[in-house]
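Undergrad: One structure, as structure tokens, below. Some questions next.
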Amino acid sequence: MTVILFAAGDALWPEYEGPLRRALEQAGITADLVCTAAPEDVDYIIYAPGSPLQDFTPYTSCRAVLNLWAGVERIVGNATLTQPLCRMVDPGLTEGMVEYVVGHVLRHHLGMDRYILRATGWQQIVPPLARERRVLVLGLGELGLACARALAALNFDVQGWSRTEKPGLDIPAHHGAAGLETALRRAEIVVTLLPRTAETENLLDAERLSCLPSGAVIINPGRGALIDDTALLAALDAGRLAHATLDVFRVEPLPEDHPFRSHPRVTVTPHIAADTRASSAARVVADNIRRDLARLPLLHVVDRQRGY
Ligand SMILES: NC(=O)c1ccc[n+]([C@@H]2O[C@H](COP(=O)([O-])OP(=O)(O)OC[C@H]3O[C@@H](n4cnc5c(N)ncnc54)[C@H](OP(=O)(O)O)[C@@H]3O)[C@@H](O)[C@H]2O)c1
């Protein structure tokens, strides 16, 4: 019998147990889904960052570790993990991210705060049409591309940026270091959906932030470390950036006394942009186990060299 260890933490077990059992059954997998097991008996590990399981050495028969999170920066460097690591690509998570990004882009595009906060009385400031608003999405993976497409469907003038070139993509795209500066220079709203890696750490530093047109807005649901906090605060204080909507931070929960908390040009959301949804995520996990049992290639395998 296949042994699947749920090592994503006790807190998630009640939410995931039912959906996982149903998804495994629907996938035709007869398995022992457990929260504890002799390590040498375990075939698959369902994982989440913060799990007490940090030493994978005794899991000698384990064929894959299936992460419930899209971001893998807290596990990818674990030297004891030699098995394939799969990250979460969940349609529910993607839908949530698209809704978050579209919502916050529209807020800034339409200048909603002006009227919600009653800042301007009867001053008629008509926003441009979406087709006249230049949006840049940094990261064209599962989440970035879905957001870019949703914004393009609303007529926004969307461009994207990724590490590798993407010929024939339906969204105009830049790539590499040189492409970033060109892309930033035209961006009125920047959405950051990159993974945290050695290469993306502090990607938006003082120099790159200074490439943005005056009055630009940043929306960061990617990872806190993508932006240099000090440089961001300086650009906001100077009024060069109009606003930053931040969902992710170097330290979470964001400390009460962090300057982002009280800054008038910063909106803090508490890492809620997109959560993995148990019912759809369970189907993704079960499908990957089914594939591996049938000796088909696993999906969403993390490249340890790249770090995502
Ligand atoms: N706030 C939340 O609630 C939440 C929820 C889920 C995920 N996230 C974050 O969102 C991130 C993105 O998720 P995803 O599923 O879209 O990841 P993904 O499918 O792995 O896509 C990552 C994208 O980033 C690009 N990239 C990586 N390193 C780069 C570099 N050095 N320079 C330029 N581009 C680079 C990749 O380029 P290539 O296409 O060329 O490889 C790819 O387009 C996750 O890593 C996580 O940090 C946040």
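For reference, each letter of the sequence shown is one residue, going 169 to 476 in my numbering.
By construction, the Cβ of each residue, glycine as well, lies at the ideal position given by its N, Cα and C atoms.
(1) Below 7 Å, is the gap between the Cβ of D415 and the nearest heavy atom of ligand 2?
(2) Let me confirm a value: T413 is counted as buried when at least 16 other C-beta atoms fall within 10 Å, else exposed. Which label applies?
(3) Does the segment 277-294 come into contact with the segment 254-263, if we say contact requires no fewer than three beta-carbon pairs (one atom in each stretch) closer than 8 Å?
(4) What are the partner residues of V171, as DSSP defines its beta bridges?
(5) Bridge partners of C230, per DSSP?
(6) Less than 6 Å between C-beta atoms, sequence neighbours within five positions excluded: which residues of the same chain meet that for V171?
(7) Quick one: which unbroken alpha helix (DSSP H) runs of 4-plus residues sit fully inside the segment 247-300? Chain order, please.
(8) For P432, is the classification buried or exposed, using 16 other Cβ atoms within 10 angstroms of its Cβ as the cut-off for buried?
(9) Could you please give the first and the last residue of the uninterrupted beta strand (DSSP E) stretch that includes S330?
(10) Quickly, what does DSSP pair V436 with across the bridge? List them, please.
(11) Taking 8 Å as the limit between beta carbons, can you name the residues of its chain near C254, skipping five residues before and five after?
(12) If you pair each beta-carbon of the segment 331-343 with each one of the segment 404-423, do three or more pairs fall below 8 Å?
(13) Please report the straight-line C-alpha distance between V202 and G177, rounded to a whole angstrom.
(14) Between L297, A216, V305, S430, which lies nearest to V240 when the distance is taken from Cα to Cα?
(15) Quick one: what's Y215 bridged to in DSSP?
(16) Less than 6 Å between C-beta atoms, sequence neighbours within five positions excluded: which residues of the same chain meet that for A446?
(17) Just to check, is the beta-carbon of Y227 closer than 7 Å to a non-hydrogen atom of ligand 1?
(18) Please indicate yes or no: does the CB of Y476 lie closer than 7 Å to some heavy atom of ligand 1?
(19) Buried or exposed: which applies to D405, given that a residue is buried once 16 or more other Cβ atoms fall within 10 Å of its Cβ?
TA: Put simply:
(1) Judged by which ligands are present, ligand 2 is missing from the structure shown, whose ligands are ligand 1.
(2) buried
(3) no
(4) D200
(5) Note: C230 sits in no beta bridge, so no partner.
(6) D200, A205, D209, V210, D211
(7) 259-278, 280-284
(8) exposed
(9) 325-330
(10) L414
(11) A232, V233, L234, N235, N456, L466, L467, H468, V469, V470
(12) no
(13) 12 Å
(14) A216
(15) A175, N235
(16) E183, Y184, P187
(17) no
(18) yes
(19) exposed
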